[in-house]
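Trainee: The structure under discussion is supplied below as structure tokens; questions concerning it will follow.
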Amino acid sequence: MRRTKYIITILVVVFIVILLIAGISYKAYDYTENNPNFCKTCHLMDTAFLKWSQSAHKGINCHKCHNPPYVERVKMLIAFLRYRPKSVPPRHGKVIVPYENCSQCHLMREKEEGAPQIMGTVGHQKHFFGAGITCTKCHGTKLHEFLPVSGFCKDCHKDIKIHARVMKEFDCLVCHDFLSKTAVTLIPDRAKCLSCHEKMKIGESFPKRKDAPMQFECSKCHSPHQKIRPDKSSCTACHEDIKDAGLHISDSHGNCMDCHNRHFWRVKDRSVCEKCHQDRKDHNPGTRCDRCHQFRD
Numbered sequence: 326m327r328r329t330k331y332i333i334t335i336l337v338v339v340f341i342v343i344l345l346i347a348g349i350s351y352k353a354y355d356y357t358e359n360n361p362n363f364c365k366t367c368h369l370m371d372t373a374f375l376k377w378s379q380s381a382h383k384g385i386n387c388h389k390c391h392n393p394p395y396v397e398r399v400k401m402l403i404a405f406l407r408y409r410p411k412s413v414p415p416r417h418g419k420v421i422v423p424y425e426n427c428s429q430c431h432l433m434r435e436k437e438e439g440a441p442q443i444m445g446t447v448g449h450q451k452h453f454f455g456a457g458i459t460c461t462k463c464h465g466t467k468l469h470e471f472l473p474v475s476g477f478c479k480d481c482h483k484d485i486k487i488h489a490r491v492m493k494e495f496d497c498l499v500c501h502d503f504l505s506k507t508a509v510t511l512i513p514d515r516a517k518c519l520s521c522h523e524k525m526k527i528g529e530s531f532p533k534r535k536d537a538p539m540q541f542e543c544s545k546c547h548s549p550h551q552k553i554r555p556d557k558s559s560c561t562a563c564h565e566d567i568k569d570a571g572l573h574i575s576d577s578h579g580n581c582m583d584c585h586n587r588h589f590w591r592v593k594d595r596s597v598c599e600k601c602h603q604d605r606k607d608h609n610p611g612t613r614c615d616r617c618h619q620f621r622d
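Here the sequence shown is numbered in the numbering used here, starting from 326 and rising by one per residue.
Set out below in structure tokens:
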């Protein structure tokens with residue numbers, strides 16, 4: 326009987342010890358896996374922790390993004406203990422956050438409150454879904470700064486230049502609405518162009534009425550990455566037949582913009598002709614020149 330009690334006591338003590346070890350192990354595991362303060366215990370992480378605590382991801386656990394395989398973690402631990410580095414190698418030579426981790430919050434798999442959703446956005450449709458460009462190619466290129474840095478597009482689009490003087494200092498995303506869910510392409514639409522030009526008081530004469538001519542996208546004529554302003558070739562790309570019609574064939578009428586006022590285009594009175602033909606101001610006064618001088622056959 327006494328022996329039985331002794332065995333039971335031993336078993337209970339062993340069981341309690343096992344529970345304590347299990348509890349301590351769980352607490353240790355939970356601390357190392359789910360508490361960002363664990364990362365802070367290493368002095369190498371001071372800058373990273375500070376940047377993280379001020380970033381848009383400050384409420385996200387470190388291992389939500391950084392979760393390398395356990396074998397990789399052991400290798401990093403051994404390397405740390407052996408070489409005692411004084412700084413963290415940039416990106417450890419690898420993409421340290423695979424796109425699958427980003428998509429957990431930003432692709433509606435585990436919708437994190439406040440996390441922008443990239444599904445259906447025109448910029449991600451082209452770059453991520455279409456071209457297969459990984460998230461960290463554009464995001465997080467600086468330590469825990471997740472918004473793309475100004476001018477980051479040029480890292481890939483090295484051949485793209487801006488010829489329009491006013492726009493040279495613009496960030497690409499000012500015109501190219503990466504997060505739009507209504508646009509078909511990244512080329513800015515008419516409303517996008519006018520929203521800026523009106524604020525900047527550039528082109529205040531743009532016709533806004535519904536019956537104004539040329540109610541199509543600005544990019545049909547304007548291409549700031551190719552040339553500063555539209556030229557004759559921009560006009561004849563659509564008006565191919567007009568260059569051989571009537572008095573348009575004359576070399577003196579070779580530049581469309583000499584006669585056609587930008588964005589209004591229709592020649593409404595004879596003052597346009599009189600800019601060059603000043604000696605004809607008294608010739609049939611009051612009559613529009615094109616009533617007699619045909620520009621269209």
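Note that the Cβ used here is the ideal one computed from N, Cα and C, for glycine as well.
Does the Cβ of residue 446 have 16 or more other Cβ atoms within 10 Å, making it buried, or fewer, making it exposed?
Mentor: As a first step, residue 446 is located in the sequence shown; it is residue number 121 there, counting from the start. Classification for residue 446: buried.
Trainee: Would you tell me roughly how many angstroms separate the C-alpha atoms of residue 411 and residue 403, rounded to the nearest one?
Mentor: For the purposes of this step, residue 411 is taken as residue 86 along the sequence shown, with counting starting at 1. For the purposes of this step, residue 403 is taken as residue 78 along the sequence shown, with counting starting at 1. Their backbone Cα atoms lie some 15 Å apart in a straight line.
Trainee: Report the CB separation of residue 570 from residue 620 in whole angstroms; it is logged as a contact under 8 Å.
Mentor: In the sequence shown, counting from the first residue as 1, residue 570 sits at position 245. In the sequence shown, counting from the first residue as 1, residue 620 sits at position 295. The Cβ separation is near 7 Å, so the contact holds.
Trainee: Quick one: what does DSSP say residue 467 is sitting in, helix, strand or coil?
Mentor: Here residue 467 corresponds to residue number 142 of the sequence shown, with the count starting at 1. Strand, per DSSP.
Trainee: Alpha carbon to alpha carbon, how far is residue 460 from residue 418? Give it in angstroms, no decimals.
Mentor: As a working mapping, residue 418 is identified with position 93 in the sequence shown. As a working mapping, residue 460 is identified with position 135 in the sequence shown. Here residue 418 scores only 47 on pLDDT, less than 50, and its place in the model should not be relied on; the value that follows carries that caveat. So the two alpha carbons sit approximately 16 Å from each other.
Trainee: Here's the rule: buried if 16 or more other CB atoms are within 10 angstroms of the residue's CB, otherwise exposed. What is residue 368?
Mentor: Start at 1 with the first residue of the sequence shown, and residue 368 comes out as number 43. Exposed: under 16 other Cβ atoms inside 10 Å.
Trainee: If you pair each beta-carbon of the segment 420-431 with each one of the segment 385-395, do three or more pairs fall below 8 Å?
Mentor: Flag = yes, the segment 420-431 and the segment 385-395 touch.
Trainee: What residues in its chain sit with their C-beta under 7 Å from that of residue 549, if we drop five residues either side in the sequence?
Mentor: Position 224 of the sequence shown, counted from the start, is the residue given in the question as residue 549. Same-chain partners within the cutoff: 487, 488, 489 and 492.
Trainee: In whole angstroms, what separates the C-alpha of residue 407 from that of residue 344?
Mentor: Residue mapping note: residue 407 aligns to position 82 of the sequence shown, counting from 1. Residue mapping note: residue 344 aligns to position 19 of the sequence shown, counting from 1. Cα to Cα, residue 407 sits roughly 34 Å from residue 344.
Trainee: Evaluate the contact criterion for the segment 549-564 versus the segment 579-590: three or more CB pairs, one atom per stretch, below 8 Å.
Mentor: Enough Cβ pairs lie closer than 8 Å, so yes.
Trainee: Run through DSSP, which three-state label would residue 624 get?
Mentor: This structure cannot settle anything about residue 624, because the visible part of the chain is limited to 326 through 622.
Trainee: On the DSSP letters alone, give me the boundaries of the alpha helix (DSSP H) that residue 388 sits inside.
Mentor: Indexing the sequence shown from 1 puts residue 388 at position 63. Start and end: 387-390.
Trainee: Residues in its own chain within less than 7 Å of residue 451 by CB, not counting five upstream and five downstream?
Mentor: The sequence position of residue 451 within the sequence shown is 126, counting from 1. Excluding positions up to five away in sequence, the list reads 511.
Trainee: Hey, residue 457 and residue 504: beta-carbon distance below 8 Å or not?
Mentor: Translated into the one-based positions of the sequence shown, residue 457 becomes position 132. Translated into the one-based positions of the sequence shown, residue 504 becomes position 179. Not in contact: residue 457 and residue 504 (Cβ atoms no closer than 8 Å).
Trainee: Kindly indicate which residue of 574, 538, 565 and 385 has the alpha-carbon position closest to the one of residue 438.
Mentor: For the purposes of this step, residue 438 is taken as the residue at position 113 of the sequence shown. Among 574, 538, 565 and 385, the Cα nearest to that of residue 438 is on 385.
Trainee: Let me know if residue 427 comes out buried or exposed under the rule of 16 or more other beta-carbons within 10 Å of its beta-carbon.
Mentor: Within the sequence shown, numbered from 1, the residue matching residue 427 stands at position 102. Its Cβ being crowded by 16 or more others within 10 Å, residue 427 is buried.
Trainee: If you run the structure through DSSP and keep just helix, strand and coil, what is residue 429?
Mentor: Within the sequence shown, the letter at position 104 stands for residue 429. The answer is helix: DSSP assigns residue 429 an H, G or I state.
Trainee: Where residue 360 and residue 337 are concerned, what is the direct C-alpha to C-alpha distance, given to the nearest angstrom?
Mentor: Start at 1 with the first residue of the sequence shown, and residue 360 comes out as number 35. Start at 1 with the first residue of the sequence shown, and residue 337 comes out as number 12. Residue 360 and residue 337: Cα-Cα distance of roughly 33 Å.
Trainee: Would you check if the distance between the CB atom of residue 366 and the CB atom of residue 468 is smaller than 8 Å?
Mentor: Along the sequence shown, read from residue 1 onward, the residue named residue 366 stands at position 41. Along the sequence shown, read from residue 1 onward, the residue named residue 468 stands at position 143. No, Cβ-Cβ distance for residue 366 and residue 468 is not below 8 Å.
Trainee: Measure the Cβ-Cβ separation of residue 591 and residue 538 and say whether it is below 8 Å.
Mentor: To locate residue 591, count along the sequence shown from 1; it is residue 266. To locate residue 538, count along the sequence shown from 1; it is residue 213. Yes, these two residues count as a Cβ contact at 8 Å.
Trainee: Report yes if the C-beta distance between residue 587 and residue 613 is below 8 Å; otherwise report no.
Mentor: By 1-based counting over the sequence shown, the position of residue 587 is 262. By 1-based counting over the sequence shown, the position of residue 613 is 288. Not a contact, by the Cβ cut-off of 8 Å.
Trainee: Tell me which residues share the same chain as residue 432 and place their Cβ nearer than 8 Å to its Cβ, disregarding the 5 neighbours each side in the sequence.
Mentor: As a first step, residue 432 is located in the sequence shown; it is residue number 107 there, counting from the start. Result list for residue 432: 442, 443 and 444, in chain order.
Trainee: Where does residue 333 sit, in a helix, a strand or coil, going by DSSP?
Mentor: On the sequence shown, residue 333 is found 8 positions in, with the first residue counted as 1. It is helical.
Trainee: Please state if the CB of residue 381 and the CB of residue 626 are separated by a distance shorter than 8 Å.
Mentor: Absent from the model: residue 626. The displayed extent of the chain is 326 to 622, so no value can be given.
Trainee: So, are the CB atoms of residue 473 and residue 482 less than 8 Å apart?
Mentor: Residue mapping note: residue 473 aligns to position 148 of the sequence shown, counting from 1. Residue mapping note: residue 482 aligns to position 157 of the sequence shown, counting from 1. No, the pair does not count as a contact, with Cβ atoms beyond the cut-off.
Trainee: If you compare alpha carbons, which of 339, 341 and 395 is closest to residue 357?
Mentor: What you label residue 357 is simply residue 32 of the sequence shown in a count that begins at 1. When each option's Cα is compared against that of residue 357, the closest is 395.
Trainee: Under a three-way DSSP split, which group does residue 377 fall into?
Mentor: Mapped onto the sequence shown, residue 377 falls at position 52. Helix.
Trainee: Look at the alpha carbon of residue 409 and the alpha carbon of residue 398, and state the distance between them as a whole number of angstroms.
Mentor: One-based indexing of the sequence shown puts residue 409 at position 84. One-based indexing of the sequence shown puts residue 398 at position 73. Their Cα atoms are separated by approximately 16 Å.
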